[in-house]
Amino acid sequence: MEVFRIFVLLSVLANVKAASKVLELSDRFLELRGESTWLIMFYAPWCGHCKKLDPVWNHVAHALYGTDIRVGRVDCTRFTAVATEFVIKGFPTIMYVKGHIRHVYKGDRVKEEIIGFALRMSAPPIQHIQSSRHLKETVDRGDLFFIYVGNQEGDLWESYRALANEYRPFYYFYHIDATCMEEMQFFYPVPDEIDMAEDSNLLNTSLTDWINHERFTTFVKVTHGNVHQLWKINKFLAITVVKESKIGRITTDEDAEDYVDGYKFKDMVESVIRNSRDKYHKHFQFGWTGTPDLANSIAMERLPLPSLLVVNSTTMQHHLPEDPAQHLTPAAVEMFLDSIIAETAPSYGGDSWPIRVYRTYYNAKTSLEEMWQGNPVLTSVLFGLPMGFLSLICYSIWCSDILDADEEEEDHHEKKE
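Rendered as structure tokens:
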């Protein structure tokens, strides 16, 4: 029993210690911040998303403890001057602050992503790799990165440096001497029509397009945090739609009539891009999502699980294979992709204003259905009370005149009698 009490006490102290790494900031932060490096969460006590982020934020603070990055949070309902100064429009808002530099984090609210963002922003835009051994260590970390090989001069270097500043919140950029580069597996091919000495603007445009084209892994996980960046790559986005549980497992309904294993379907689609990368990489960015609601919002319908959805990131039109998931094979998927490239596949949706209106309606209807399924009593109270008050107001405005008119008519008849 005594051992159990000691264990509980140590657990509580550990949680308090982790939580204590987060600095509670007030209005004085505006005066005392100086040139220090800060990662701040702006929150409101009533915000459910903020409460959900709290344990993640404590882990972020614990992981960054000992670095130059200070992790804090501000209650914007108490310290409105801070919220006004940093133009906070929603909760929670995560912001990197260093002097006059401010950058809002727009990725997924998970520990690893937030820490990576903070470390990239606090480091130089381009980090120098000293040797081939350090390069191997960088590769082994598994992060997507860009690397410049050669002397730090010329138009190509200047273009690379500008893009490193632009994309620093999302990716790592490195430089290494040519003597340390034993082999190069992937590189930016300078187009033959570009004269390095004269066409600096064209070179910058070409390099920008190339980095934008290559800035996601071959089979990326599509989430609410990165989907807005994926819309900017000017390619078709081929999304494998499955359902992922809170612990990261792909769930499937094995009792369904047309049961398809989500893991096998995901691996099958991934094998297409792995085996035919040279053919499809120019046209498609492959990925998968464990959040069906994200794909349903794009398609404006409830897709069966698993599914394959292809979206044109420029026009927002989408394509669906004619065959159901249980009949899709790598060959069938390739035929479907080929028809999209040839512009013979049927397309749906788009980005016109009628489609936007319908998508807004669909998202609102879906959210209401989810609220009702999750807690029908609370949903009834949330929508029933306002509707009841609105009905009373409308009744008092329009129906009171009718009652007054009836009373006046009765009085008039009584006088005649």
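Residue numbers (mature numbering (1 follows the signal peptide of the UniProt record, and there is no 0)): -18 to -1, 1 to 399. Beta carbons are placed, not taken as given, at the ideal position from N, Cα and C, and that holds for glycine.
The three-state reading of DSSP puts Q134 in coil, since its state is none of H, G, I, E or B. DSSP, reduced to helix, strand and coil, places Y87 outside both helices and strands of the structure shown, so it counts as coil. With contacts defined by Cβ atoms closer than 9 Å, S141 and L219 do not form a contacting pair. Taking 8 Å as the upper bound for CB-CB distance, A43 and D9 are not in contact here, some 21 Å apart. By the CB criterion at 9 Å, W139 and Y130 fall inside the cutoff. Less than 9 Å separates the beta-carbon of I22 from that of L7.
The stretch 270 to 335 is shown to contain whole alpha helix (DSSP H) runs of 4 or more residues at 274 to 281, 312 to 323, in chain order. Comparing alpha carbon positions, the residue from C162, T161, R143 closest to F155 is R143.
Where H82 is concerned, there is no enclosing beta strand (DSSP E), because DSSP gives it neither an H nor an E.
Within a 10 Å sphere around the beta-carbon of V223 sit 16 or more other beta-carbons, which makes this residue buried.
When rounded, the separation of the alpha-carbon atoms in L374 and I70 is 36 Å.
DSSP places G124 outside any beta strand (DSSP E), giving it a letter other than H or E. Across the set A100, E351, G72, S18, the C-alpha of A100 shows the shortest separation from the C-alpha of A45. The three-state secondary structure of W354, taken from DSSP, is helix. Taking 4 residues as the minimum length, the alpha helix (DSSP H) runs contained wholly in the stretch 29 to 110 are 30 to 46, 62 to 67, 93 to 104, in order along the chain. In the three-state reduction of the DSSP assignment, H206 falls in the coil class, being assigned neither a helical nor a strand state. Looking at the backbone, the Cα of L367 and that of V292 are separated by about 42 Å.
Within the same chain, and ignoring the five residues on either side of P303 in sequence, the residues whose Cβ sits closer than 8 Å to its Cβ are L290, L310, A314, V315, F318. If the five residues before and after Y47 are omitted, its C-beta is found closer than 6 Å to the C-beta atoms of K3, all from its own chain and listed in chain order.
For Y153, no alpha helix (DSSP H) run applies, since DSSP gives it neither H nor E. For F201, the beta-bridge partners assigned by DSSP are F268. Annotation for V223: the continuous beta strand (DSSP E) segment containing it runs 218 to 223.
Around the beta carbon of A277, a 10 Å sphere encloses 16 or more other beta carbons of the protein chains shown; the residue is thus reported as buried. Around the Cβ of W28, a 10 Å sphere holds fewer than 16 other Cβ atoms; the residue is exposed.
When secondary structure is reduced to three states using DSSP, E6 falls in the strand class.
Within the same chain, and ignoring the five residues on either side of K93 in sequence, the residues whose Cβ sits closer than 8 Å to its Cβ are V38, H41, V42, A45. Shortest Cα-Cα distance from L12 to any of G269, G81, E95, D275 involves G81. Only residues of its own chain outside the window of five on either side were considered, and among them none has a CB closer than 6 Å to the CB of P336.
Going by beta carbons, P274 and K228 fall outside the 9 Å limit. Residue pairing for W20: DSSP places it in a beta bridge opposite R52, V79.
Pairing T199 with H263 gives a Cβ-Cβ distance that is not under 9 Å.
With a beta-carbon spacing of about 7 Å, Y25 and D57 fall inside the 8 Å limit used to define contacts.
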